[in-house]
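As structure tokens, then:
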């Protein structure tokens, strides 16, 4: 109110410009620009498909707000989002910006075909760039050449190839973020983690140095008891015979090694062996520790497989899970080429370590397989052995930062599960890691076995157990000083993982080292590749320069090249639309043949050139537009003018249009004084009808029930409202807020009775009305006329006309009479919302003024821009 009066009382020629400059610097301006970009980038807080489970992407929204606050040049703003990770020496901010590309919907539906949905995500990114930055309906060319614009199907898939090189999953879990992932520790977390990393590195060096100093091993070995040979043995499973149990069978009479159906017994390498068929005969080894990645452990067994099948793996043993617990755990398996693989997994496809042998195992041959792990959390700490010798192996992936302990499905609490032999815990994909063939003589140790010990397992003799007599490494590991160092090192690593557990993560972009092949697909069907394509741009547009890299960074540079005719025009048109209600091109998504021609082509060109020549400065562009005579005109029109130009093509007046859904709510909260101006932070959940989420959902554990936010966070701007794609906030939907499933550059603009019902009856608007009523009483003056005038100015920024004041006063008097006669109704009205009314107020007066305030918030000037 004070700012409004200051402007009205400022008679200087620069009064308007002064206000414009002030408003452009405010956080609220950055939030408004961010709101527009949320539609473009299809931002949401849920996955969108199937369970429509929880995701956490709001730190990227904070990045967007911050970019607009700092007035980041638009070319930089887009380049960071498209390819920040590919820039030289990318910072955390560069990488975070690329979350723009990961805002697309994702599926967790059981039976979803991995490659089909992975390609859908790739194509979504390409189509978003086409719509948001090029103003072209490129999606029309996915199945065939574009019917109207000169965009071929080949053009479409060449564009998509820019986004095809990300290591990602087609089917994810119901809740959570899935790789590539960026960890975002706060300042305090970063400080602690950095210190722990230094301590761990120092302790590793001390440990290595101490091992070298143990020279007098012979004398030391003689002092050790013979029982040391069985140190840290978890279990030995000879697999020589079966015993019936109540619900199935046990191996070798061991109650901790059971199967639902009995495997077949045959002659093995050492006595008998079990033959597994995949018909519920997999073995479960209970009472095995739920290993953490700082624990040392090893496994060895004899393998004779009869299977080698494309796209199918064979689990030898392990605990790794399925999509709804992030595949957490560890596994030792044969891939589709029968190469040996071992992984320690926090979450796929981004947080795990993976070692793979280069040689494969032939079918129908007995081979001895083993692996060891040293507790370092690094792929270099894994070793694979084949027939007692260290196998020629390669590191397939090496990034493990969080716990590998097995988790409960959906709930994500730690659970201890048996080690499964001959089958994995995977589900929903149709690929269950079923091993077919024979296994024999399984050993599990809670330490790192030495090569000499592994060799002893691989001997054909009947002698069993590790034989470490010749291994100096083994005996050195028993030295008290070494054990002390290792205990300290393990504790440091444990502290590090505890510190990492709560660290925020966001889905971002990260290209694989080796480029994935890209194809054009017949009718856009994932399983019908026609021919290979290279990343490139549509042929009808300026050529993609040879000196630019054929990746997302090169694409961004091409988009902002001087030769590109679209990016600047599409952008200034969208900002014109934001200010005037419609663009100079009224089809902002389609600058092609089927789209509308510019109403003022020279103006569009001039603004585009101005934008580029002024360093892609968004605030400077906005100021240029709002300072123009065209923008500053009145929306009042004459009958003659409306008849000649009903849609205001000639811009002889300014446009009137309804505010976006979020701003209608923000305006009501601001008028009442409830609006929280806290900037940034996670999404909030304001009032909505009870039971909507559970009615539509039974899979997402985190989003099973809608829980309203508490405190002032419930009054934050609509920008921060939690967006669940399959169940968006109903009040927002009523006012045409999109569900954010696809890139949206222009919202629908409807006019329905439901909108009036929202303004009159939605708890947020009723609560805003009652708090506005208290402001009218406490700040508006002593008499009802002054209070009405004050409330009206708060709601619509002008004083009421005489006729309007009269109507509001009559409404107040009739409602006061009503509530005097029915005090319970007043009590019920004032109980709406979390904000309580002080008992010092006359409850009847507040209730009557609440109805007046509610009517003011229903005034068209409270939600229309004129």
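Numbering (my numbering), first residue to last: 1109 to 1974.
We treat Cβ as the ideally placed atom computed from N, Cα and C, and that holds for glycine.
Residue i - partner residues in DSSP beta bridges
i	result
residue 1498	1493
residue 1652	Paired residues: none, contrary to the question.
residue 1459	1455
residue 1423	1441
residue 1626	1641
residue 2009	Any answer about residue 2009 is impossible in this case: the structure gives the chain only from 1109 up to 1974.
residue 1344	1551
residue 1481	1405, 1490
Beta carbon proximity, residue i to chain B, threshold 8 Å
i	result
residue 1639	Reference to chain B is not applicable here, since this structure consists of a single protein chain.
Residue i classed as buried or exposed, judged by whether at least 16 other C-beta atoms fall within 10 angstroms
i	result
residue 1139	buried
residue 1438	buried
residue 1851	buried
residue 1243	buried
residue 1118	exposed
residue 1511	buried
residue 1324	Legend: pLDDT at residue 1324 = 48, less than 50; position of this residue unreliable, value from coordinates given subsequently. Flag for residue 1324 reads exposed.
residue 1714	exposed
residue 1201	exposed
residue 1061	No statement about residue 1061 is possible, as the shown extent of the chain runs from 1109 to 1974 and does not include it.
residue 1978	Since the first residue shown for the chain is 1109 and the last is 1974, residue 1978 is missing from the structure and cannot be characterised.
residue 1635	exposed
residue 1677	buried
Simplified DSSP state of residue i, which is helix, strand or coil
i	result
residue 1793	coil
residue 1562	helix
residue 1363	strand
residue 1687	helix
residue 1473	coil
residue 1710	helix
residue 1765	strand
residue 1404	coil
residue 1907	coil
residue 1446	coil
residue 1369	coil
residue 1576	For residue 1576, the predicted structure reports a pLDDT of 48, less than 50, and the residue's modelled location is therefore unreliable. A value from the coordinates is still provided. The answer is coil: DSSP assigns residue 1576 none of H, G, I, E or B.
residue 1518	coil
residue 1435	coil
residue 1617	coil
residue 1868	helix
residue 1383	strand
residue 1884	helix
residue 1601	helix
residue 1668	coil
residue 1533	coil
residue 1334	With a pLDDT of 46 at residue 1334, under the threshold of 50, the modelled position of that residue is not reliable, and no figure is offered here.
residue 1524	coil
residue 1724	coil
residue 1739	helix
Proximal residues to residue i (C-beta, below 7 Å), its chain only, five neighbours per side dropped
i	result
residue 1766	1857, 1971, 1972
residue 1417	1444
residue 1681	1691, 1692, 1693, 1696, 1712
residue 1793	1814, 1815, 1816, 1817, 1830
residue 1702	1256
residue 1220	1278, 1279
residue 1492	1448, 1450, 1463, 1465, 1479, 1499, 1501
residue 1145	1172
residue 1685	1691, 1696, 1854
Contacts around residue i, its chain only, beta-carbon distance under 6 Å, and the 5 residues preceding and following it disregarded
i	result
residue 1761	1741, 1743, 1745
residue 1248	1254
residue 1902	1779
residue 1663	1270
residue 1667	1241, 1675
residue 1408	1478, 1551, 1565
Residue i: CB within 7 Å of a non-hydrogen atom of the ligand FAD
i	result
residue 1877	As for the ligand FAD, it is missing from this structure, which has no ligand bound.
Other residues of its chain near residue i: CB distance less than 8 Å, five sequence neighbours each side excluded
i	result
residue 1369	1356, 1357, 1387, 1388, 1389
residue 1976	The requested residue 1976 does not occur in the structure, where the chain is confined to residues 1109 to 1974.
residue 1314	1593
Exercise. Identify every run of the beta strand (DSSP E) within the stretch 1116 to 1192, keeping only runs that are complete inside it and at least 3 residues long; order them along the chain.
Key: Runs found: none.
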